[in-house]
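Chains as they are written, first to last, in our numbering: chain S, 12 to 122; chain Z, 3 to 117. Don't be surprised by glycine CBs; every beta carbon is placed ideally from N, CA and C. Please read these numbers as outputs of a predicted model, since none were measured by experiment. Worksheet: one structure, shown below.
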Amino acid sequence: LAKTTQPISMDSYEGQEVNITCSHNNIATNDYITWYQQFPSQGPRFIIQGYKTKVTNEVASLFIPADRKSSTLSLPRVSLSDTAVYYCLVGEREYGNKLVFGAGTILRVKS
Amino acid sequence: EAGVVQSPRYKIIEKKQPVAFWCNPISGHNTLYWYLQNLGQGPELLIRYENEEAVDDSQLPKDRFSAERLKGVDSTLKIQPAELGDSAVYLCASSLRGQDTGELFFGEGSRLTVL
Chain S
12 LAKTTQPISM DSYEGQEVNI TCSHNNIATN DYITWYQQFP SQGPRFIIQG YKTKVTNEVA
72 SLFIPADRKS STLSLPRVSL SDTAVYYCLV GEREYGNKLV FGAGTILRVK S
Chain Z
3 EAGVVQSPRY KIIEKKQPVA FWCNPISGHN TLYWYLQNLG QGPELLIRYE NEEAVDDSQL
63 PKDRFSAERL KGVDSTLKIQ PAELGDSAVY LCASSLRGQD TGELFFGEGS RLTVL
C-alpha cells in the first residue's frame with residue numbers, strides 16, 4: 012500500500028486559497044488519489060478523486076503532476092466552516108478496504 | 003436519500019462490560035465497513051463485508067470483538083469484554099461496488115467511553 016505524507020496542520024484566513032500537499036512516492040499504476048474531509052463528531056466525507064493532471068468539482072481542485080508522486084488539494088476562498096481534518100489516501104478506486112487513513116492535516120481557518 | 007445510520011451515538015460503560023453498535027448502511031450498498039478512530043488519528047479498518055460475507059477481518063481483535071451482517075444489510079459490532087483501551091469512535095461506512103469513485107459513505111460514529 013502506498014504511504015502518504017501530509018502536513019500535520021495548516022492555518023489560514025477566511026477568503027484565502029488553501030493548498031494542502033500530499034506526498035505519495037510509492038504510488039502504483041492502478042492507484043487513484045482520494046481526499047476526504049472530516050468535521051468534529053462526524054465521519055469522513057469524500058471530497059475529490061483524481062488519477063492525473065487536474066480534477067475540479069464544486070468544492071475543490073486536485074492537482075497531480077506527471078510523475079504522480081505528490082498531489083495538491085486546493086480549496087478556493089476558504090471560510091470558517093472549512094475548518095476540518097483533510098485526509099489524502101492512495102489506493103485502487105473500487106477497493107475502499109485498501110484505503111489507509113493517515114493522521115490527516117488539520118486545517119484551521121481564522122476570521 | 004438517508005445516509006449511513008449508526009446507534010448509539012454515545013455509550014459509556016464500565017470495563018469488562020459488553021457493548022454493541024448498530025449500523026444501517028445506505029440502501030443498496032453491498033459493501034459495509036467498520037472503522038475504529040482514536041483521538042487525533044485517522045480511521046483504521048476493522049472489518050469489511052461484501053453483502054453478508056466478511057471478506058477482510060484481519061484487523062479485528064477476535065478475542066473480544068465480533069461482528070455480523072445478517073441478510074447483508076444491517077450490521078452489528080460487539081465488544082465483550084470491553085477494556086479501557088477500547089475507548090474510541092466506531093465508524094460504519096458503506097459503498098456501492100462498481101461505483102466510479104469507490105466513495106465511502108460514513109455514518110456519524112458511535113463514541114465509546116470505557117471507565
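Residue environment, residue i, which counts as buried when at least 16 other CB atoms sit within 10 Å
| i | result |
| --- | --- |
| Thr40(S) | exposed |
| Thr45(S) | buried |
| Gly26(S) | exposed |
| Ile59(S) | buried |
| Ile14(Z) | exposed |
| Thr116(S) | buried |
| Arg88(S) | exposed |
| Leu86(Z) | exposed |
| Ala77(S) | exposed |
| Ala4(Z) | exposed |
Limits of the beta strand (DSSP E) - the one that residue i falls within
| i | result |
| --- | --- |
| Ile19(S) | Note, Ile19(S): premise wrong, no beta strand (DSSP E); not H, not E. |
| Lys80(S) | Counting along the chain, Lys80(S) falls outside any beta strand (DSSP E), and DSSP gives it neither H nor E. |
| Lys17(Z) | First-last for Lys17(Z): undefined, no H or E at that position. |
| Thr78(Z) | 77 to 81 |
| Asp58(Z) | 55 to 58 |
| Gln8(Z) | 7 to 9 |
| Arg50(Z) | 46 to 52 |
| Ser34(S) | 29 to 34 |
Of the residues the options, the one placed nearest residue i, counting alpha carbons only
| i | options | result |
| --- | --- | --- |
| Leu100(S) | Leu86(Z), Thr103(Z), Glu52(Z) | Thr103(Z) |
| Asp88(Z) | Phe108(Z), Thr115(Z), Tyr12(Z), Phe107(Z) | Thr115(Z) |
| Cys94(Z) | Tyr12(Z), Val21(Z), Ile49(Z), Lys18(Z) | Ile49(Z) |
| Gly118(Z) | Ala71(S), Gln60(S), Ile19(S), Lys121(S) | In the structure displayed, chain Z extends from 3 to 117; residue 118(Z) sits before or after that span and is not available. |
| His35(S) | Ser52(S), Thr83(S), Thr15(S), Val89(S) | Thr15(S) |
| Val111(S) | Phe50(S), Leu91(S), Tyr43(S) | Tyr43(S) |
| Glu52(Z) | Asn32(Z), Cys25(Z), Val75(Z), Phe107(Z) | Asn32(Z) |
| Val57(Z) | Glu70(Z), Arg66(Z), Pro27(Z) | Glu70(Z) |
| Arg79(S) | Glu69(S), Val120(S), Lys65(S) | Lys65(S) |
Pair within 8 Å by beta-carbon distance, residue i and residue j
| i | j | result |
| --- | --- | --- |
| Leu72(Z) | Gly30(Z) | no |
| Gln82(Z) | Pro20(Z) | yes |
| Pro45(Z) | Leu34(Z) | no |
| Ile75(S) | Gly61(S) | yes |
| Leu117(Z) | Lys17(Z) | yes |
| Ala95(S) | Leu118(S) | yes |
| Ser77(Z) | Val91(Z) | no |
| Cys33(S) | Gln17(S) | yes |
| Glu105(Z) | Phe50(S) | no |
| Glu110(Z) | Ser52(S) | yes |
| Thr83(S) | Ile38(S) | no |
| Tyr98(S) | Gly113(S) | yes |
| Leu91(S) | Ser122(S) | yes |
DSSP bridge partner residues for residue i (one or two, in chain order)
| i | result |
| --- | --- |
| Thr64(S) | Ile75(S) |
| Asp42(S) | Glu103(S) |
| Lys121(S) | Tyr24(S) |
| Ala90(Z) | Leu114(Z) |
| Phe67(Z) | Ile81(Z) |
| Leu38(Z) | Glu46(Z), Tyr92(Z) |
| Ile59(S) | Trp46(S) |
| Asn26(Z) | Val7(Z) |
| Phe107(Z) | Ser96(Z) |
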